[in-house]
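Colleague: Before anything else, here's the structure in question.
Chains as they are written, first to last, in our numbering: chain A, 32 to 499; chain L, 32 to 499.
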């Protein structure tokens, strides 16, 4: 017999799509102040709907940046409490000329809804909000206590997220976070994302002389900043791509034999991966591609420059050279510690007579792993299995999701991602789309999850919540 | 009693400076097509002046590149014939922000004229042209036959100079070349430059994937073009700056013990050299600074770039990287042979899975040494002694004067440099300047030289002219 809430959601499918289109039509681009009205429109729309659905204390939480939308329903005594996370801001739509239909006039083609932000994160967030509203409509209650938190700065590095969480800590008290952000790994495979890599950044500048010098008048008797840059940056990696910075891997949590075995069972085609990128096979020896992407840290040079780069040639011995670096970090590594090791390496390998400036990112985000025994993770896996009829495999992402790390650090809470966007949906690119079939899969999973969580005892979370 | 031509020049000093400023104001940057009008303006200015001074057959000589300005005066039967060489093109002015006054708005400060190209080569060339014009104004004749040749491609490796000399060989028949390019070694020491290093250039491009890739989704499992660039370029040099390309030094003519002894007697202060540049002591061990600069080849990275170089950071794994290289070559080395060795090195050290494109300069210029007994060299030494009151020492330059090699190769003629720019005048760098006192020294030497050459018999040159 069909769950009555799910039946309600199925009957209202056209309404769900219409409301999602209305939300996507609000151009809520957080990085560009020209879109301030679009941000406000999206917030107002969400707050109106949340209040109408039956949520309490609907409003905004802010700490100097774009406000987050907040709402709560806390009338399930004895049940656990969850923050349901999503974000209403979107990436800029540029380059506009490459869109088939306008980015803020959502259009359905071939079972996909096209529009900026439809996959990241308005579609997945709507699935969560529509499911909660359906519970309230059909049963006049939720199975658990819920605090809805819809961020407005996810696409600009969550600049004030930590400040908001600290400022409103009491109001946000919960047992764990369910994130409607993130993405399914593949459309054809049931999966749950249990981890992400962290990151940090660094910029370096070298100087070898007071000014650029003529390569004829001086060449051979003065240092060249570009020679020094390549010599210095060349010390960062071994030929196989592994990082040669002393201590870089010291705190890396190695996979257990069982974890490696499980990872090896994940269907993954190296040939498809390489043909998508046009790259030759590469990476640390003795590691599979997925291990390299999910469980090994990187140190990437993202940009470098110096000397004459215009048309033709210039016989200059450059006195300055620059590079931008970022890391991807894995569980066990501390961004600040890695920054110190990187700086120590650069200073140790910079030659005499070369001035080196190292600008380390004061922030940085640590990697995140959901504890394998976390009750929310177990419930999510069961919910996905109920909805899709297949046991979800545990995957990770090589990218960085600052939310999980920030929530863990500031509030001591773990985050489980239950998003129904898919990694191939061109978010951050032209013609972003969202598979409409995700609405069916997603609402089924969210209904199942909320019912499972309603049967949990809040004490199950005691061992996982840490005081921040 | 003062030479009447020199008296005329002294009386017209302000006019000489005004005309030089007008010439410097024409932005004749040969390497960048955006400056085409500046090139044309400089040519027109020079041709107008040469015609007005009384030269014949004023016009341009061209062979597909930037034209050279040509003029002749051949009414001294029984006297030798000289090509008087200079160039009207200049280096790019970048980086503009470091100039105190705009590069193409020449400004006098403290007895120095500042502007791009003022020292290289518009100032020194003007000294020659003004002296010749003064002879014609005062005496209505020159002591010798003169063909003026002002190149437009000196700063871009004289791409079509050889073609021009071949095309117009009959029209350029002469006994030797007097170059107003090059530079006095020091302002406080009488010297003559008897040799120069050659050069060649090369541009490389690396590709590691079809497109730039997200450093989170792909980092650690695909090659990064910037990592490959630094690894490849890092193989070019030993830490002491010597070139690590196999065979690079094979054909280098080592100095004799006597030549090294003479070079050691040249007054040179390493401390001054280093404090001028702001560089630490550097270079091949066991060689003096002058040996490094004048007698040893180099391979310099003049520019490199790739990835994201804008504000902030971008988590990209770049798929392309680029570098510009040039060499300085010494007597014995063949530019084409060195190009082949460099390409072989790059291909041998480029890793599997990396596409490498090497664009070698088809030309290149060999180093040059004036024959010690050359009659023009002897006359030049006497002229400098007359003008400055001191016997000039023989020095070389680490820079490249393609003219000498090309003229020798194509026409069999030797070149003696009589330039009154000075090596410290920041040509090829921001705030290039020219000492106004050089106008007094330079015109005195040119007047003396032309009078000495007028007394020579053309047959003295028979043993030095070689058929090309």
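Just so it is clear, CB atoms sit at the ideal spot from N, CA and C, and this is done for glycine as well.
Since the model is a prediction, treat every value here as computed from it, not as a measurement.
So residue 413 of chain A is in the alpha helix (DSSP H); what residue range does that whole segment cover?
Modeller: For the purposes of this step, residue 413 of chain A is taken as the residue at position 382 of the first chain. Element bounds for residue 413 of chain A: 406-419.
Colleague: Looking only at its own chain, which residues have a Cβ that is under 6 angstroms from the Cβ of residue 254 of chain A, when we skip the five neighbours before and after it?
Modeller: Along the first chain, read from residue 1 onward, the residue named residue 254 of chain A stands at position 223. The answer, listed in chain order, is 239, 384.
Colleague: Where DSSP assigns a beta bridge to residue 233 of chain L, which residues make up the other side?
Modeller: If you number the second chain from 1, residue 233 of chain L lands on position 202. DSSP, once it has assigned bridges, lists L/356, L/391 as partnering residue 233 of chain L.
Colleague: Residues of the segment 150-173 of chain A with a CB closer than 7 angstroms to any CB of chain L: list them in chain order, please.
Modeller: If the cut-off is 7 angstroms between Cβ atoms, the segment 150-173 of chain A has nothing near chain L.
Colleague: Does the beta carbon of residue 274 of chain L sit closer than 7 angstroms to a beta carbon anywhere in chain A?
Modeller: On the second chain, position 243 is the one that residue 274 of chain L refers to. It does not; no Cβ of chain A falls within 7 angstroms.
Colleague: Ignoring anything shorter than 4 residues or poking outside the segment 170-233 of chain L, list the alpha helix (DSSP H) runs there in chain order.
Modeller: Qualifying alpha helix (DSSP H) stretches, in chain order: 192-198.
Colleague: Using a Cβ-Cβ cut-off of 7 angstroms (strictly less than) and excluding sequence neighbours within five positions of residue 475 of chain L, which residues of its own chain qualify?
Modeller: Within the second chain, the letter at position 444 stands for residue 475 of chain L. These residues qualify, in order along the chain: 37, 418.
Colleague: So what's residue 291 of chain A in DSSP terms, helix, strand or just coil?
Modeller: Mapped onto the first chain, residue 291 of chain A falls at position 260. Helix.
Colleague: Which residues mark the beginning and the end of the beta strand (DSSP E) in which residue 331 of chain A is found?
Modeller: Stepping through the first chain from its first residue, residue 331 of chain A is reached at position 300. Start and end: 329-338.
Colleague: With a 10 Å radius around its C-beta and 16 neighbouring C-beta atoms as the bar for buried, classify residue 196 of chain A as buried or exposed.
Modeller: Within the first chain, numbered from 1, the residue matching residue 196 of chain A stands at position 165. Per the 10 Å Cβ criterion, buried.
Colleague: Taking the alpha-carbon positions, what's the residue 437 of chain A to residue 444 of chain A distance?
Modeller: Your numbering for residue 437 of chain A matches position 406 in the first chain. Your numbering for residue 444 of chain A matches position 413 in the first chain. Taking the straight line from one Cα to the other gives about 9 angstroms.
Colleague: In whole angstroms, what is the alpha-carbon distance linking residue 159 of chain L and residue 277 of chain L?
Modeller: Numbered from 1 along the second chain, position 128 holds the residue referred to as residue 159 of chain L. Numbered from 1 along the second chain, position 246 holds the residue referred to as residue 277 of chain L. C-alpha separation (whole angstroms): 44 angstroms.
Colleague: Taking Cβ-Cβ distances below 8 angstroms as the criterion, which residues of the segment 230-254 of chain L are in contact with chain A?
Modeller: Cβ contacts with chain A: 230, 232, 234, 239, 240, 241, 242, 244, 245, 246, 247, 248, 249, 250, 251, 252, 253, 254.
Colleague: Output, in chain order, the set of chain A residues within a Cβ distance shorter than 7 angstroms of residue 264 of chain L.
Modeller: The count along the second chain starts at 1 and reaches residue 264 of chain L at position 233. 261, listed in chain order.
Colleague: Flag residue 399 of chain A as yes if its beta-carbon sits less than 7 angstroms from any beta-carbon of chain L, otherwise no.
Modeller: Within the first chain, numbered from 1, the residue matching residue 399 of chain A stands at position 368. So, not an interface residue.
Colleague: At a CB-CB cut-off below 8 angstroms, which residues of chain L make contact with residue 534 of chain A?
Modeller: An answer regarding residue 534 of chain A cannot be provided, because it is not within the stretch 32 to 499 covered by chain A.
Colleague: Evaluate contact between the segment 57-74 of chain L and the segment 88-107 of chain L, counting only Cβ atoms and requiring at least three cross-stretch pairs below 8 angstroms.
Modeller: Touching, yes.
Colleague: State the Cα-Cα distance for the pair residue 496 of chain A and residue 336 of chain L, rounded to the nearest angstrom.
Modeller: Sequence index remark: in the first chain, residue 496 of chain A carries index 465 (1-based). Sequence index remark: in the second chain, residue 336 of chain L carries index 305 (1-based). Roughly 47 angstroms between the two C-alpha positions.
Colleague: Just by C-beta distance, which residues in the segment 362-387 of chain A are closer than 9 angstroms to chain L?
Modeller: Result list: 382, 383, 384, 385.
Colleague: Any idea what DSSP makes of residue 528 of chain A, helix, strand or coil?
Modeller: Missing from the structure shown is residue 528 of chain A; chain A here goes from 32 to 499 and no further.
Colleague: I'd like to confirm the pairing. Which residues does DSSP put opposite residue 118 of chain A in its beta bridges?
Modeller: If you number the first chain from 1, residue 118 of chain A lands on position 87. BP columns for residue 118 of chain A point to A/182.
Colleague: Have a look at residue 341 of chain L and residue 225 of chain L and give me their C-alpha separation to the nearest angstrom.
Modeller: Numbered from its first residue, the second chain carries residue 341 of chain L at position 310. Numbered from its first residue, the second chain carries residue 225 of chain L at position 194. Looking at the two C-alpha atoms, the distance is approximately 46 angstroms.
Colleague: Measure from the alpha carbon of residue 353 of chain L to the alpha carbon of each residue in A/351, A/424, A/338, then state which is nearest.
Modeller: Your numbering for residue 353 of chain L matches position 322 in the second chain. If we check each option's Cα against that of residue 353 of chain L, A/338 comes out closest.
Colleague: Is residue 347 of chain A close to chain L? Criterion is C-beta to C-beta, closer than 7 angstroms.
Modeller: Against the first chain, residue 347 of chain A aligns to sequence position 316. Taking Cβ atoms only, chain L reaches closer than 7 angstroms to residue 347 of chain A, which makes this a yes.
Colleague: Can you list the alpha helix (DSSP H) stretches of 4 or more residues lying completely in the segment 466-492 of chain A, in chain order?
Modeller: If we require 4 residues or more, the alpha helix (DSSP H) runs fully inside the segment 466-492 of chain A come out as 468-485.
Colleague: Would you please verify whether the beta carbon of residue 344 of chain L is less than 7 angstroms from any beta carbon of chain A?
Modeller: Position 313 of the second chain, counting from 1, holds the residue named residue 344 of chain L. Yes, contact with chain A.
Colleague: Suppose the cutoff is 6 angstroms on Cβ atoms and the five residues either side in sequence are ignored; what does the same chain contact list for residue 294 of chain L look like?
Modeller: Sequence index remark: in the second chain, residue 294 of chain L carries index 263 (1-based). If we look at residue 294 of chain L and ignore the five residues flanking it on each side, its Cβ neighbours are 321.
Colleague: Please confirm whether residue 325 of chain L has its beta-carbon closer than 7 angstroms to some beta-carbon of chain A.
Modeller: On the second chain, position 294 is the one that residue 325 of chain L refers to. Not an interface residue.
Colleague: Please name the residues in the segment 455-486 of chain L whose beta-carbon is closer than 9 angstroms to at least one beta-carbon of chain A, in chain order.
Modeller: Taking 9 angstroms as the Cβ-Cβ cut-off against chain A, the residues of the segment 455-486 of chain L that qualify are 455, 457, 458, 459, 460, 461, 462.
Colleague: Does residue 333 of chain L have its Cβ less than 7 angstroms from a Cβ in chain A?
Modeller: As a first step, residue 333 of chain L is located in the second chain; it is residue number 302 there, counting from the start. Yes, its Cβ sits closer than 7 angstroms to a Cβ of chain A.
Colleague: Between the alpha carbons of residue 115 of chain L and residue 176 of chain L, how many angstroms are there, rounded?
Modeller: By one-based count along the second chain, residue 115 of chain L stands at place 84. By one-based count along the second chain, residue 176 of chain L stands at place 145. The alpha-carbon atoms of residue 115 of chain L and residue 176 of chain L are separated by roughly 10 angstroms.
Colleague: Quick one: does residue 295 of chain A have its CB under 7 angstroms from some CB of chain L?
Modeller: Position 264 of the first chain, counted from the start, is the residue given in the question as residue 295 of chain A. Residue 295 of chain A does not count as touching chain L.
Colleague: So if DSSP puts residue 138 of chain L in a beta bridge, which residue, or which two residues, is it bridged to?
Modeller: Residue numbering aside, residue 138 of chain L sits at position 107 when the second chain is read from its first letter. Paired residue(s): L/145.
Colleague: Thinking residue 396 of chain L and residue 431 of chain L are a contact (beta carbons under 8 angstroms), I'd like their distance in whole angstroms, please.
Modeller: Residue mapping note: residue 396 of chain L aligns to position 365 of the second chain, counting from 1. Residue mapping note: residue 431 of chain L aligns to position 400 of the second chain, counting from 1. Sure, about 6 angstroms apart at Cβ, within 8 angstroms.
Colleague: Which residues, in order along the segment 424-449 of chain L, keep a beta-carbon less than 8 angstroms from a beta-carbon of chain A?
Modeller: Those would be 428, 429, 430, 431, in chain order.
Colleague: Find the nearest neighbour of residue 269 of chain A within the set A/243, A/257, A/236, A/316, judged by alpha-carbon distance.
Modeller: The residue labelled residue 269 of chain A in the question sits at position 238 within the first chain. The option with the nearest alpha carbon to residue 269 of chain A is A/316.
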